[in-house]
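Residue numbers 1 to 382, in the UniProt record's numbering, belong to the letters of the sequence shown in order. Below is one structure; the comments refer to it alone.
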Amino acid sequence: MSTRISADQGFENYRDKPRFGALDGVRFFAIVAVLFHHSPLVGIGADISPLSRRGFLGVDLFFVISGFLITSLLLRERHRKGRISLRGFYWRRALRILPLYLLLVTAIGAYYTFIKQQPGATGTWPFYYLLMMNFISSHLPMLAPTWSLGVEEQYYLIWPLLLVLLPRKALLTLIVGLVLAYAVLLSLPIGQAQWDIGPLSFSLVKAFYPAMLLGSGLAILLNSREGFTLLWGILGQRWSAALFVLFLLAALQFLPLDLHGFPNLVLHLIMAGLIGSLVIREDTLLMPVMSFAPIRRIGVVSYGIYLLHLIALHIATSITARLFGAPENQMPLFLLLYVGLSWLMAEISFRFYETPFLSLRHKPLGVVARDPVEPSREKMPS
Numbered sequence: 001m002s003t004r005i006s007a008d009q010g011f012e013n014y015r016d017k018p019r020f021g022a023l024d025g026v027r028f029f030a031i032v033a034v035l036f037h038h039s040p041l042v043g044i045g046a047d048i049s050p051l052s053r054r055g056f057l058g059v060d061l062f063f064v065i066s067g068f069l070i071t072s073l074l075l076r077e078r079h080r081k082g083r084i085s086l087r088g089f090y091w092r093r094a095l096r097i098l099p100l101y102l103l104l105v106t107a108i109g110a111y112y113t114f115i116k117q118q119p120g121a122t123g124t125w126p127f128y129y130l131l132m133m134n135f136i137s138s139h140l141p142m143l144a145p146t147w148s149l150g151v152e153e154q155y156y157l158i159w160p161l162l163l164v165l166l167p168r169k170a171l172l173t174l175i176v177g178l179v180l181a182y183a184v185l186l187s188l189p190i191g192q193a194q195w196d197i198g199p200l201s202f203s204l205v206k207a208f209y210p211a212m213l214l215g216s217g218l219a220i221l222l223n224s225r226e227g228f229t230l231l232w233g234i235l236g237q238r239w240s241a242a243l244f245v246l247f248l249l250a251a252l253q254f255l256p257l258d259l260h261g262f263p264n265l266v267l268h269l270i271m272a273g274l275i276g277s278l279v280i281r282e283d284t285l286l287m288p289v290m291s292f293a294p295i296r297r298i299g300v301v302s303y304g305i306y307l308l309h310l311i312a313l314h315i316a317t318s319i320t321a322r323l324f325g326a327p328e329n330q331m332p333l334f335l336l337l338y339v340g341l342s343w344l345m346a347e348i349s350f351r352f353y354e355t356p357f358l359s360l361r362h363k364p365l366g367v368v369a370r371d372p373v374e375p376s377r378e379k380m381p382s
């Protein structure tokens, strides 16, 4: 692709892309941030830089990617076929997310309910099946990462319906209104109030939909020629993605420790800008990194890494503690075990368990997905 192209040429190239390969690279860095956040390294680096305490924001980056991809998928389906099939969408999403999730929840839940007989497990376990994981006040061991799937599944239930029912301008207005209202409310004491009902704790703090809304808004803008042209001047330069990485690092370093409210909005806008700059054209300065085979592969299986990494963390911690007293006493070995096991378990799950379910996407319930042209192979949680 030429490095000097017009917005119209860029739009045609964008619409012709079967998938956005650079996003697997973004997933790699997002999952690395999550792995770092749950490792002993986060404590070691806590006094060095605020960046070391921001690893949890890898999940926010996943949210922006997810909002962008599912909205792009649905808008492109409507462009090709004149309609959006909600049945097809939910079928594909269920096959991507639920098999590994349900296996993990069933195995861990049964272990802590019937074998360990952990207090409160019986009351908490059912809510994982009701997709209310983000509102569970005390998670079963190893299941804490599932909170983000609760956010995504709840979003998936409502957002496709809005895409079907509302016109483009109404959707963009709704996104702006909801995102700003959320930032304002979380800046006030009332926005951080919570209501406890049994094992559940409801609060706006646990509703991370704005990050996904911004990803969806980006997809809506890029899907139209006028919106694409509007963003081209900002996102369409070869150096734009690198610039947004610098913006993101600066924000992570200098924003206040408490990110609730407008600091979170700033971060999510920068993340959306980064995603936009990577999908709007393929020849960015970051593409050699994002397309590096090991990085892309880890991005592809990042969903499994995300769900299984706490099990790997437990195993790695137990082994290094037994051999050396604590992970900190042999950090290289611990990190090798932690990251290696996380990746290995995800690869085994993806190749031998998840892939057979993914192959069913084009079967009867997913008949609308027979067209192979999709904006992503959807290898991640969302």
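Glycine is no exception: its CB is placed at the ideal position from the N, C-alpha and C atoms.
Locate the beta strand (DSSP E) running through Phe-202, then write down its first and last residues.
Here the beta strand (DSSP E) through Phe-202 covers 200 to 203.
Pull up the distance between the alpha-carbon of Ile-158 and that of Leu-165, whole angstroms please.
Note on geometry: alpha-carbon atoms of Ile-158 and Leu-165 lie some 11 angstroms from one another.
Specify the secondary structure class of Trp-195 as computed by DSSP and reduced to three states.
Residue state for Trp-195 is assigned as strand, using DSSP reduced to three classes.
Three-state secondary structure assigned by DSSP to Ile-295
Three-state DSSP puts Ile-295 in a helix.
Kindly give me the distance between the Cβ atoms of Pro-40 and Pro-327, rounded to whole angstroms, as I take these residues to be in contact under 8 angstroms.
Between Pro-327 and Pro-40 the Cβ distance is about 5 angstroms, and since that is below 8 angstroms, they are a contact.
Residue from Asp-283, Arg-361, Ala-312, Thr-317 whose Cα sits closest to the Cα of Phe-20:
Nearest option by C-alpha distance: Asp-283.
8 angstroms contact criterion, which Arg-238 and Leu-285 should meet: CB distance rounded:
Yes, they are in contact, since the Cβ atoms of Arg-238 and Leu-285 sit about 6 angstroms apart, within 8 angstroms.
Going by CA-CA distance only, name the one from Lys-169, Ile-295, Gly-150, Ser-224 that's closest to Leu-200.
Checking every option, the nearest Cα to that of Leu-200 belongs to Gly-150.
Ile-311, DSSP secondary structure in three states:
Secondary structure of Ile-311 (DSSP, three-state): helix.
Quick one: residues in its chain with C-beta nearer than 6 angstroms to the C-beta of Leu-51, no 5 flanking neighbours on either side, listed in chain order?
Only residues of its own chain outside the window of five on either side were considered, and among them Leu-252, Gln-253 have a CB closer than 6 angstroms to the CB of Leu-51, listed in chain order.
The alpha helix (DSSP H) with Tyr-90 in it runs from where to where?
The continuous alpha helix (DSSP H) containing Tyr-90 extends over residues 86 to 110.
Collapsed DSSP secondary structure at Ile-234 in the structure displayed:
Note: Ile-234 maps to helix in three-state DSSP.
Beta-carbon separation (whole angstroms), Leu-95 vs Leu-358, contact threshold 8 angstroms
Between Leu-95 and Leu-358 the beta-carbon gap is near 6 angstroms, inside 8 angstroms, which marks them as a contact.
Could you please give the first and the last residue of the uninterrupted alpha helix (DSSP H) stretch that includes Arg-281?
No alpha helix (DSSP H) holds Arg-281; DSSP gives it neither H nor E.
With DSSP as the reference, label Ile-5 as helix, strand or coil.
Coil at Ile-5, not helix or strand.
Is the closest heavy atom of the ligand ZN to the C-beta of Gly-58 under 7 angstroms?
No copy of the ligand ZN occurs in the structure displayed, which carries no ligand at all.
Let's test the definition: count the other Cβ atoms within 10 Å of the Cβ of Thr-355 and tell me whether it reaches 16, buried, or not, exposed.
The residue in question, Thr-355, is exposed, as its Cβ has fewer than 16 Cβ neighbours within 10 Å.
At least 3 beta-carbon pairs within less than 8 angstroms: the stretch 6 to 17 vs the stretch 287 to 298
Counting C-beta pairs closer than 8 angstroms gives fewer than three between the stretch 6 to 17 and the stretch 287 to 298, which falls short of the contact rule.
Give the range of the alpha helix (DSSP H) segment to which Ala-177 is assigned.
Contrary to the premise, residue 177 reads as Gly rather than Ala in this sequence. Gly-177: member of the alpha helix (DSSP H) spanning 168 to 186, first to last residue.
Cβ-Cβ separation, Ile-298 to Phe-28 (assumed contact under 8 angstroms), whole Å
The Cβ separation is near 5 angstroms, so the contact holds.
Rounded to whole angstroms, what's the CA-CA distance from Met-142 to Val-42? Just pull it up for me.
One C-alpha to the other measures close to 19 angstroms.
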